[in-house]
Amino acid sequence: MIFTAQQIAEALNGVVEGDPSTEVTSLSKIEEGKKGTLTFLANPKYTQYIYQTQASIIIVNEDFTPEKKIPATLIKVKDAYSAFAQLLELYQQTKGKRSGISDRAYIAPSATIGKDVYIGEFVSVGENTIIGDNTSLFPHTTIGNNCRIGNSTTLFADVKIYDECIIGNECTLHAGIVIGADGFGFAQQQDKNYRKVPQIGNVIIEDNVDIGANTCIDRATLGSTIIRKGAIIDNLVQIAHNVEIGENTAVAAQTGISGSTKFGKNCILAGQTGFAGHLNIANGTIITAQSGVGRNIKEENTIYEGSPAFRHKDFQKSYIYFRRLSELVKRIDELEQKLKDNTK
Amino acid sequence: MIFTAQQIAEALNGVVEGDPSTEVTSLSKIEEGKKGTLTFLANPKYTQYIYQTQASIIIVNEDFTPEKKIPATLIKVKDAYSAFAQLLELYQQTKGKRSGISDRAYIAPSATIGKDVYIGEFVSVGENTIIGDNTSLFPHTTIGNNCRIGNSTTLFADVKIYDECIIGNECTLHAGIVIGADGFGFAQQQDKNYRKVPQIGNVIIEDNVDIGANTCIDRATLGSTIIRKGAIIDNLVQIAHNVEIGENTAVAAQTGISGSTKFGKNCILAGQTGFAGHLNIANGTIITAQSGVGRNIKEENTIYEGSPAFRHKDFQKSYIYFRRLSELVKRIDELEQKLKDNTK
Amino acid sequence: MIFTAQQIAEALNGVVEGDPSTEVTSLSKIEEGKKGTLTFLANPKYTQYIYQTQASIIIVNEDFTPEKKIPATLIKVKDAYSAFAQLLELYQQTKGKRSGISDRAYIAPSATIGKDVYIGEFVSVGENTIIGDNTSLFPHTTIGNNCRIGNSTTLFADVKIYDECIIGNECTLHAGIVIGADGFGFAQQQDKNYRKVPQIGNVIIEDNVDIGANTCIDRATLGSTIIRKGAIIDNLVQIAHNVEIGENTAVAAQTGISGSTKFGKNCILAGQTGFAGHLNIANGTIITAQSGVGRNIKEENTIYEGSPAFRHKDFQKSYIYFRRLSELVKRIDELEQKLKDNTK
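Chains as they are written, first to last, in the numbering used here: chain A, 42 to 385; chain B, 42 to 385; chain C, 42 to 385.
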């Protein structure tokens, strides 16, 4: 399909700068843009490429002012990244959706399957489990007994859902995810042996949640481990028993959260962060990458860094001096020497 | 089923404080306890809830002394957490156990299957492999050739066991675990290419071991990677070739252990810890979360922290001053200024 | 099979020291060596065992000089580890290779399967996908539509390849790997909800790449996430969208790399390292374990440590003083006291 800059600008509520009849047929990255493609500039790190790219149309933020001439036609919008995402969505919708129920799948007789569901090869659906309308189960996905999967939800290949877990509507779960394995709960006996504490709770994932590949969310000891609506979770994340992730909270890859810790709304946990158990983390908290949080965070919208973590600004000050510690030691050496000389 | 405080106290060897005829029908968390439920208090962080909970019976440690009146009936026991775990076990036993061998499973003709085994849909069992009595293989589990799985062991959905690996009795392996993949062994050639070192050993998991979802335990180059009896391992842990985990050692989530490192008994490795290769770690060692260990630990029962890790107490002292480094710098600045003034 | 020291030395271009007619029948670790086995010494940490081992033949580096008498026959070679790896390869080749296509596998009608391919039970191969000659797909592996898998490549149990991804020749992918899940791309809306950015690119893995169990490599937003030839990647690694891993770069377990970061050739990323997004890392860079890199690294062949990381040598200096921070504080205290005394 061919689109003109004018057509695209109208679809995105944007303004054309340059030739509105410029035509494109596909999308590209700005550093690899070719003639006939449309690209975008959102991250300032890539600004240099806007002067070099061969792309024919570039979507930019409305406050972008070029420093020199740009051969491409620009479309100015409020938020270039969101606008480009919108085009990607349109592009993806042109691709077909999988459908039908494979006769190589196993569906327990007591399970209930909704309308317009896709169930791939070797899927296994347990007793009394309910699968909602328009939901897709890719090959090898295994769902236990007494589970409930909502409408328009996608479970990619080989997702594992244990018994009694609940997944909402319009969720996306990527390959290899494990939902509802036992929490890591053991009581140490006097002879040092560990005795397993049965985990009789479940996992509840609300609507519009997105979870990355090979992430693990453990079932609660009692009650539920809960992922609130709109949360987004990346790959290889560990979420322990009885944790609660707040609405629209983002959890980057390889983060680990210990048992019973609860997060407010709109938090951002960067990659490889860690959290002790039984904490309460306030709305809007940001934790920088590789940091480790051992205490409650009560004030909203603060940033923490370090392991153990403290206020980001304070950490950064301390870290600057940590990098120069040998200089500081030299200054102390000199002070001692001078004082010695003075008192001779 | 209905139980009275008196009946439960007798089962747990506890003492009732309050009305021994108080009745309960289910279990709850203390912060969510409702009338007719039984809960417990073990972690002091939750003490506040004992004065608010609607739960009818609360199990507490025998040394617990309330600061104000508690409406619930108390049962005092030696170890509240263990006692509650016992009740959870009884509760779980009332749930049925899966049984039977699915005709959608593949079992190699030369494999030997014990008595009262559950084998779910799409399980694959390789040549000459032996599965013990009362063992459960949940859907999609794949076991290679020449493996041996003990009695009363549970492999949840989609566990992957490579050829020649051995799993003991009464083990629990959660979904997505990989046992026996090749160790990360390569010899770099002069042209910078890596040449793979074949990994011809195996993995041995002794009795009563519990392993979490998506954890990986690599096969040995030669000999065996060994997990000793009673060890407990959480989700997403990486255990490299020829590692040895000691008896009753606990390994929390996302910990990574490099090749040939050996741990004694009763160690505790907190979450996201890392270990260099070829180390020996003494019995009873504790490593705090996110710490990285690069040297042998010879003395038993010590605690290490930091990356690289050193003695916990020393780390804590250093970290307190790290947090205040800018204050220290100011003090050095002032000293320099004063000395300058003094020598004018 | 029986081999003499003489025969082995000839095969390895080595020199016998001791009795050239010494015979062995199998391989062992130096610390567990028994009579009739061959072992090797490469890591100096194990030198003590050469004087104790019962192994009959030991391969050593040509510059190795014993401090006391060794009962075993030595074979001196240029690189003992590589030489031993060669023997392991010969040993492994004596084991059979799996073959045949299981009738329990599902192969889409439009897929193309090469010659001498092994396809295990419950494998699923999607539409228009091409599988090369001599390639092995172990049980439960799932390959999407429009993929291309090269020749002589092994995919172990339960590898998941999403649509449109490309895997080269002579690659090894271990169990549980996920290739081509969506990158973690979301645009936050004004109401704080996240809107998913469709990920329409793919993953390209070039020839001779080795990837460890449960590792995740996300598909690109646009274009490709690329793993260059000869790269080796360990278990539980996270590689985000549009990342590029250079030739012969080694990535140890549990490393996490954020979107669009690009690595040169011959880099070494130790275990549990982390990388921010949109970085360029020069050829030959080494990052020590648990370090976190937040900036571009432009100079080749440097070593970085810390979180955030800076030059390894500088980090080590700072860390020595960090360990002694309380001493430094005491010195400052004393200086202040002395100055006070002096000015009385």
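Note that CB positions come from ideal geometry on N, CA and C, so glycine has one too.
If we count the other Cβ atoms within 10 Å of its Cβ and call it buried at 16 or more, is B:ASN342 buried or exposed?
Classification for B:ASN342: exposed.
Selected residue, minimal CA-CA separation from C:ALA317, among C:ARG336, C:SER140, C:ILE43, C:CYS188
Between C:ALA317 and the set C:ARG336, C:SER140, C:ILE43, C:CYS188, the nearest pair of CA atoms involves C:ARG336.
Segment contact flag, the segment 229 to 236 of chain C with the segment 261 to 273 of chain C, C-beta cutoff 8 Å, min 3 pairs
The segment 229 to 236 of chain C, when compared against the segment 261 to 273 of chain C, does not touch it at the 8 Å Cβ threshold.
Residue-level contact to chain A via CB, C:ALA152, 9 Å cutoff
So no, C:ALA152 is outside the interface.
Please list, in chain order, all residues of the same chain as C:ASN307 whose beta carbon is under 8 Å from its beta carbon, the five residues on each side excluded.
Closer than 8 Å at the Cβ level, and outside the excluded window around C:ASN307, lie GLY287, GLU288, ASN289, THR290, ASN324, GLY325.
Residues of the segment 58 to 80 of chain A whose Cβ lies closer than 7 Å to any Cβ of chain C, in chain order
So the close ones are LEU68, SER69, LYS70, GLU73.
What does DSSP give as the partner residue(s) for A:LEU82 in the beta ladder?
Bridge partners of A:LEU82: A:VAL101.
Report back the beta-carbon spacing between A:GLY333 and B:ALA330 to the nearest angstrom; my notes put them in contact at under 8 Å.
Indeed they touch by this definition, with Cβ atoms about 6 Å apart.
Determine the contact status of A:ILE258 and A:ILE218, defining contact as a CB-CB distance below 9 Å.
Against a cut-off of 9 Å, the Cβ pair of A:ILE218 and A:ILE258 comes out as a contact.
Quick one: using the 10 Å Cβ neighbour count with 16 as the cut-off for buried, is B:THR66 buried or exposed?
It is exposed - the Cβ of B:THR66 has fewer than 16 other Cβ atoms within 10 Å.
Can you list, in chain order, the residues of its chain whose CB lies under 6 Å from that of A:GLY155, leaving out five sequence neighbours each side?
Once the five neighbours on either side are set aside, the close Cβ partners of A:GLY155 are ILE172, GLY173, ASP174.
Suppose only complete runs of 3+ residues qualify. What are the beta strand (DSSP E) ranges in the segment 253 to 297 of chain A, listed by chain order?
The segment 253 to 297 of chain A contains these whole beta strand (DSSP E) runs: 265 to 268.
For C:ALA228, list the residues DSSP reports as bridge partners.
DSSP output for C:ALA228 lists C:ARG236 as bridge partner(s).
Counting contacts by CB-CB distance shorter than 9 Å, is A:ARG364 in contact with chain C?
Yes, A:ARG364 lies at the interface with chain C (some Cβ there is under 9 Å from its Cβ).
When A:LEU178, A:LEU214, A:GLN133, A:VAL200 are compared against C:THR262, the one with the closest alpha-carbon
Taking only the C-alpha atoms, the option nearest C:THR262 is A:GLN133.
With respect to the beta strand (DSSP E) encompassing A:GLU58, which residues constitute its N-terminal and C-terminal limits?
Per DSSP, A:GLU58 is one residue of the beta strand (DSSP E) stretching across 56 to 58.
Select from B:PHE225, B:LEU129, B:LEU178 the residue whose C-alpha is nearest the C-alpha of B:HIS202.
Per the sequence shown, the amino acid found at residue 202 of chain B is Ile instead of His. The residue among B:PHE225, B:LEU129, B:LEU178 with its C-alpha nearest the C-alpha of B:ILE202 is B:LEU178.
Compare the Cα-Cα distances from B:GLN93 to each of B:GLU103, B:ASN102, B:LEU82 and report the closest residue.
Closest option to B:GLN93, judged by alpha-carbon separation, among B:GLU103, B:ASN102, B:LEU82: B:LEU82.
Take B:CYS206 and list the residues in its own chain whose beta-carbon comes closer than 6 Å to its own, dropping the five residues that flank it on each side.
Cβ within range, chain order: CYS188, ILE220, GLY221, ASN243, VAL244.
Would B:LYS75 and B:ALA46 be called neighbours here (beta carbons separated by less than 9 Å)?
Contact annotation: B:LYS75 and B:ALA46 have beta-carbon atoms that are not nearer than 9 Å.
Please work out which residues of its chain come closer than 6 Å, Cβ to Cβ, to C:HIS215, disregarding the five sequence neighbours upstream and downstream, and give them in chain order.
Once the five neighbours on either side are set aside, the close Cβ partners of C:HIS215 are PHE197, GLY253, ALA254.
Contacting residues, own chain, Cβ-Cβ under 8 Å from A:HIS181 (five flanking each side not counted):
These residues qualify, in order along the chain: GLY161, GLU162, PHE163, VAL164, ALA198, ASP199.
Closest Cβ-Cβ distance between B:TYR203 and chain A: below 9 Å?
By this cut-off, B:TYR203 is not an interface position.
With H, G and I counted as helix, E and B as strand and the rest as coil, what does DSSP make of B:ALA152?
In the structure shown, B:ALA152 adopts coil according to DSSP, grouped into three states.
Status (buried if at least 16 other CB within 10 Å, exposed otherwise) for A:SER151:
Using a 10 angstroms sphere on the CB of A:SER151, the tally of other CB atoms stays under 16, which defines it as exposed.
Closest Cα partner of A:LEU366 within the set C:GLN357, C:ALA113, C:ASP374
Nearest of C:GLN357, C:ALA113, C:ASP374 to A:LEU366, Cα basis: C:GLN357.
How close, in whole Å, do the beta carbons of C:LYS237 and A:ASP120 come, if the pair is a contact with beta carbons under 8 Å?
Their Cβ separation, rounded to whole angstroms, is 15 Å, which puts C:LYS237 and A:ASP120 out of contact at 8 Å.
Taking just the CA atoms, how far does A:ALA52 sit from C:SER265?
A direct Cα-to-Cα measurement between C:SER265 and A:ALA52 gives close to 27 Å.
Pull up the distance between the alpha-carbon of B:ILE298 and that of B:THR256, whole angstroms please.
Separation of B:ILE298 and B:THR256 (C-alpha to C-alpha, rounded to the nearest whole angstrom) is 12 Å.
With a 10 Å radius around its C-beta and 16 neighbouring C-beta atoms as the bar for buried, classify B:ASN276 as buried or exposed.
Counting Cβ neighbours within 10 Å, B:ASN276 comes out buried, since at least 16 surround it.
For C:LYS109, list the residues DSSP reports as bridge partners.
Residue pairing of C:LYS109 in beta bridges, as defined by DSSP: absent, with no partner found.
Using 10 angstroms around the beta-carbon of C:GLY167, count the other beta-carbons present and answer buried if the total reaches 16, otherwise exposed.
C:GLY167 should be labelled buried.
Our contact map puts B:ILE98 next to B:THR114 with C-beta atoms below 8 Å; I'd like the distance itself, whole angstroms only.
In this structure B:ILE98 is in contact with B:THR114, their Cβ atoms being roughly 5 Å apart against a cut-off of 8 Å.
Can you tell which of B:LYS354, B:SER348, B:GLY305, B:LEU369 has the C-alpha that lies nearest to the C-alpha of B:GLU340?
The option with the nearest alpha carbon to B:GLU340 is B:GLY305.
Tell me the DSSP bridge mates of A:ALA350?
Answer is A:GLY347, bridged to A:ALA350.
Inspect the beta-carbon positions of B:PHE351 and B:TYR360 and report whether they are closer than 9 Å.
9 Å or more divides the Cβ of B:PHE351 from the Cβ of B:TYR360.
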